[in-house]
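First the structure, in the form of structure tokens, and then the observations on it.
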Amino acid sequence: MKKFSFLFLSLALFGQIASAIPADPRPFKYTQPDGTVITLRLMGDEFDHWTVDENTGNEVVLDGDGYYRPVSGVYRSARLAPAQVNSLRSRAAEFRNYNAHRDLTHGERKIPVILMQFSDLEFTLDNPVQQFTDLLNKKGYSANGGTGSVQDYYRDNSHGAFIPVFDVLPVVTLSKSYKYYGQDGYDTDVHVGEAIVEAIQLSDPLADFSQYDSDGDGYVDMLMVYYAGHNQAEHAPDYTIWPHQSGVATDEEFDGVCFGTYFCTSEYKGSAGTRMCGIGTSSHEFGHSLGLPDFYDTDYGKNGSAHAMDEFSIMSSGSYNNEGRTPPYFTSEERKILGWMDEQIEIYGSGQLTIESIDNNVAYYTTTDVEGEYFVYEARLNNGWDKALSEHGLLVYHVDKSTAHSVAGMACKYHWQYRNDLNANGSHPMCYVIPAESQSDLDYYGYDWLFGNIEKTYVPKSWSGDDSRYTFYDIAINSDNVSMTVVDLVHENQDEGLAKLGYNSIADPGKGNYSAGDKFELKLNASRRYLPSSTKWYLDGKRVTGETISLVSGQHTIKAELTISSTTSEVVELEINVN
751 MKKFSFLFLS LALFGQIASA IPADPRPFKY TQPDGTVITL RLMGDEFDHW TVDENTGNEV
811 VLDGDGYYRP VSGVYRSARL APAQVNSLRS RAAEFRNYNA HRDLTHGERK IPVILMQFSD
871 LEFTLDNPVQ QFTDLLNKKG YSANGGTGSV QDYYRDNSHG AFIPVFDVLP VVTLSKSYKY
931 YGQDGYDTDV HVGEAIVEAI QLSDPLADFS QYDSDGDGYV DMLMVYYAGH NQAEHAPDYT
991 IWPHQSGVAT DEEFDGVCFG TYFCTSEYKG SAGTRMCGIG TSSHEFGHSL GLPDFYDTDY
1051 GKNGSAHAMD EFSIMSSGSY NNEGRTPPYF TSEERKILGW MDEQIEIYGS GQLTIESIDN
1111 NVAYYTTTDV EGEYFVYEAR LNNGWDKALS EHGLLVYHVD KSTAHSVAGM ACKYHWQYRN
1171 DLNANGSHPM CYVIPAESQS DLDYYGYDWL FGNIEKTYVP KSWSGDDSRY TFYDIAINSD
1231 NVSMTVVDLV HENQDEGLAK LGYNSIADPG KGNYSAGDKF ELKLNASRRY LPSSTKWYLD
1291 GKRVTGETIS LVSGQHTIKA ELTISSTTSE VVELEINVN
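Numbering (our numbering), first residue to last: 751 to 1329.
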């Protein structure tokens, strides 16, 4: 009986790529035929990608003579319009959501791995079956500068709840050239679907695929494919295949089961040479197979540029950390999607807060005035899978899953459920890092992302533009946690809260209203940062001494002149009403 016809129809309708890894964001050198060396940067992903000259900022294209030249009108017209690219991503995201394997993120899961080479390009690794078996499964994998295997990565992040076991099958050789299968069309590698189907057919005699249907639904849970050579996302030529996750374009049965999703990447990393790939791209694409969305700006500035989650998420550019050898810990949002973590802990009230490493499945959040919009706080430290981060400290990111806010005509909540474009709109990304150095900059590219590296007080600001009732200061990075002082100006005395923020104020126990004859105590809510060395008190402009004053009816102004240092002074006032 033929199955999977709905999937086959879906693929025929919108093309073959469902999710793709972003281009390697690092600039690279290219030597022109005349010997000139230029610095380039590859932008985009499988759906829409282009090359930029780092020195001029201009888009360039490789011509038939091997030169990168500025893009002309004819090349620009060959590119898909933004609306077409968005349509492809939308339909692909619908497919990805339909086939998300969220029920397969617990327990031990066996996954077949196909090694496919081409008629004109073979694997050149020694014993590729063993090398990929080690890369995927070996505990403490350290070859080629590795810091763990794919299995290590998922076991560690899930705290042992999910252990993928990869069965690497013998190498199969496809009938056509690698340039044929990697040929670019207007949207994707147009023949890559043929390569995957042919590779499955060639591997059928080598394995019993029925053993990879762990839930008994008639479909292989997921399929991994490595292909010989290099990949386009890491600056290899455009006739190489771009790593991606998608669906198998056939309804054919193999050993009584059909194939649903697959993900693939290349033997080697970079654009040339023989450096075996790391685990970053494989772990990223595997994440898609498990139901994770992309957390990078998937339209690369077409609707405004957003820095998104950057190196702090494997579903953003974190897959390239340490040459793809050390992807970062999963964020708490990713852990929630995969079912490895409950909700983050809500911060409520004032006091000292210590946040343990995200490795301990601990994160905090604060709410806003809009349901579904919140801020997440994680400790990203110099440990484990976070060792390759460029900096360590308190990671703060802004999440919007509300129905009150809409992007491109759809409520944010439904983008999370049905689309793969969470950070595609530069004016309203839905999960993005708040950079410590420039807290309101949605297009920030620089250093000092994390709080604790620089002396910054943080006040969350919602999409409505209102400051949060919370303020965070004295943020300190410790060996196994991040500590800070939290002030909640709503649920504690307002004046005491201001004092904790670094401002002196006059204690006002009556909240501005008193009775004639009351004794008003001349007392400060003194800031520990700006503690006065001496204080002069005034009532309605007249100097007063002593610890209290007797109040008479009327409106009065109490003033305190504070000497903080030889060069610093402060004046604070309080208006009161006495009946």
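Virtual Cβ for every residue (Gly too), placed ideally from N, Cα, C.
Classify residue i as helix, strand or coil using the three-state DSSP reduction.
i               : result
glutamate 1187  : coil
isoleucine 1029 : coil
proline 1043    : coil
leucine 1301    : coil
lysine 1309     : strand
leucine 1324    : strand
tryptophan 1090 : coil
glutamine 1102  : strand
histidine 985   : coil
isoleucine 991  : coil
arginine 1085   : helix
glutamate 804   : coil
threonine 1317  : coil
aspartate 1238  : strand
asparagine 1329 : coil
asparagine 1173 : coil
proline 1078    : coil
aspartate 965   : coil
asparagine 1072 : helix
glutamate 1141  : coil
valine 940      : coil
Count the other CB atoms within 10 Å of the CB of residue i; is the residue buried (16 or more) or exposed (fewer)?
i              : result
arginine 846   : Confidence at arginine 846 is low in this model, with a pLDDT of 45, below 50, so the placement of that residue is unreliable and no value is reported for it.
lysine 1019    : buried
valine 1240    : exposed
tyrosine 1164  : exposed
glutamate 1035 : buried
asparagine 887 : buried
aspartate 971  : buried
leucine 865    : buried
alanine 831    : Annotation note: pLDDT 47 at alanine 831 (below 50); position unreliable, coordinate value reported separately. So alanine 831 ends up on the exposed side.
leucine 1200   : buried
arginine 1293  : exposed
serine 1214    : exposed
serine 1032    : buried
valine 787     : exposed
glutamine 881  : buried
glutamate 804  : exposed
proline 782    : Rather than proline, the amino acid found at residue 782 in this sequence is glutamine. Exposed, since its Cβ has fewer than 16 Cβ neighbours within 10 Å.
serine 1212    : buried
Taking Cβ positions, are residue i and residue j nearer each other than 8 Å?
i                 : j                  : result
aspartate 1333    : valine 1157        : In the structure as shown, the chain starts at 751 and stops at 1329, and residue 1333 therefore has no counterpart that could be examined.
glutamate 1320    : lysine 1286        : no
glutamine 867     : alanine 978        : yes
valine 1328       : glycine 1296       : no
phenylalanine 912 : tyrosine 904       : yes
serine 908        : tryptophan 1090    : yes
aspartate 1198    : proline 1185       : yes
glycine 896       : isoleucine 1029    : yes
serine 869        : leucine 919        : no
threonine 1000    : threonine 874      : no
serine 1066       : phenylalanine 1080 : no
lysine 1261       : threonine 1298     : no
aspartate 1150    : methionine 1180    : yes
histidine 1038    : phenylalanine 1013 : yes
asparagine 1231   : serine 1140        : no
leucine 1324      : isoleucine 1308    : yes
valine 1146       : tyrosine 1124      : no
DSSP puts residue i in a beta bridge; with which residues?
i                 : result
methionine 974    : Val863 and Phe1013
methionine 1160   : Val1157
tryptophan 1287   : Val1294 and Ala1310
valine 1120       : According to DSSP, which records beta bridges pairwise, valine 1120 is partnered with nothing at all.
alanine 1226      : Ser1233
glycine 997       : Thr1011
isoleucine 788    : Tyr780
threonine 1221    : Val1237
proline 1179      : DSSP, once it has assigned bridges, lists no residue as partnering proline 1179.
tyrosine 1114     : Ile1095 and Tyr1127
asparagine 1275   : Ser1255
glutamate 809     : Val802
serine 1107       : Ala1129
phenylalanine 959 : BP columns for phenylalanine 959 are empty, so no partner.
lysine 1019       : Paired residue(s): none; lysine 1019 is not in a bridge.
Within the region 854-935, note down every full alpha helix (DSSP H) run reaching 4 residues or more, in order along the chain. For the region 854-935, whole alpha helix (DSSP H) runs of length 4 or above, ordered along the chain, are 878-887, 900-908 and 928-931.
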